[in-house]
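The block underneath contains the structure these notes are about, expressed in structure tokens.
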Amino acid sequence: MKKLLLSLITLTLLFGCSLPAKNATQKEQYKVEIITEESNKKGIFGNTIYIKVRDFVLVVIESAAANKVAQEVQNYVNDYGLDKEKVALKFNGKLKVSLLEDFSPQKYQYNKFENVSVNYSLRQKAYTYLISVERDEACLLYPNSTATNSILEQGAYSLGGYAFNATGNVKLHLVSSLNVIDFSKFDPNGIYRCTTRGKGIQKVANIKNHHTNDVLRQDIFIK
């Protein structure tokens, strides 16, 4: 009886590890789409070529390589899953995230001290920032000390209550990112954070150059 028991234990040790697990999970498959002007009749994404994986949209930097890059993305997400930041890092130089759409001010001319409002949509959950660049300074308008939440879900939004006390052109840069962006070098100024115009322009340029960020601009005039 002892020999029989030992034999059964030995067989279990030898072959037990080769038996398939009952609850083995299969890798999730993702459908990668190429969106072009021709296949996108509603014009949601404009004239640029995009790659879309579920709700994650990326700009194809070289349109001629769209099919090749789409296949590379398909293989990567099927093997490693859809970690959006990792995908953006993996395909840096080939793709850039596209997080924003429909950014526009409610109007393009305002009087001094009149409240300025903008509307926009997020294609997916992302960190959101609004930067103004004026003649002498640049300010982080959103988030601020009274509206601190920078991480927003997919959907349509309005930002408002901003007033300017100097006449002239104001460049509004709406920034969306997969990561938190550091504005600690902007100095507190009331409820906002501000810096010189030159430093603000350089900050916006640095943000644009990072492949996990998306930036749209609209100009308004204060009279």
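Read left to right, the sequence shown gives residues -23 to -1, 1 to 200 (mature numbering (1 follows the signal peptide of the UniProt record, and there is no 0)).
All C-beta atoms, glycine included, are put in the ideal place defined by N, C-alpha and C.
Model, not experiment: these values are computed from the prediction.
The count of Cβ pairs closer than 8 Å, one atom from the region 85 to 99 and one from the region 138 to 148, reaches three, so the stretches are in contact. E114 counts as buried, since no fewer than 16 other beta carbons sit within 10 angstroms of its beta carbon. Counting only the Cα atoms, I168 lies some 19 Å from S135.
Comparing alpha-carbon positions, the option among N55, Q101, V36 and Y85 lying closest to K200 turns out to be Y85. Of the candidates I197, F33 and G145, G145 places its Cα closest to the Cα of R112. Around the C-beta of L66, fewer than 16 other C-beta atoms lie within 10 Å, and the residue is accordingly described as exposed. A buried status is given to F163, since no fewer than 16 other beta-carbon atoms sit within 10 Å of its beta-carbon. For D196, no alpha helix (DSSP H) run applies; the uninterrupted beta strand (DSSP E) run containing it begins and ends at N190 to I199, by DSSP. Note: E10 is bridge-paired with K29 in the DSSP secondary-structure output.
In the three-state DSSP reduction, Q48 falls in the helix class (H, G or I). Judged by DSSP secondary structure, G177 falls within the alpha helix (DSSP H) whose first and last residues are R174 to K185. In this chain, L59 is not harboured by any alpha helix (DSSP H), its DSSP state being neither H nor E. By the Cβ-count criterion, S81 is exposed, with fewer than 16 other Cβ atoms from all chains shown falling within 10 Å of its own Cβ. Close CB contacts of P120 within its chain, under the 6 Å cut and outside five residues either way in sequence, are with S127 (chain order). By the neighbour-count criterion, in which 16 or more other beta carbons inside 10 Å mark a residue as buried, D191 falls on the buried side.
Here K45 is exposed: its Cβ has fewer than 16 other Cβ atoms, across all protein chains shown, within 10 Å. Taking the CA atoms as reference points, V157 sits about 27 Å from I26.
Around K185, the same chain offers V192 as residues with beta carbons nearer than 6 Å, after the five sequence neighbours per side are excluded. Here the C-alpha atom of A103 lies approximately 7 Å from the C-alpha atom of L76.
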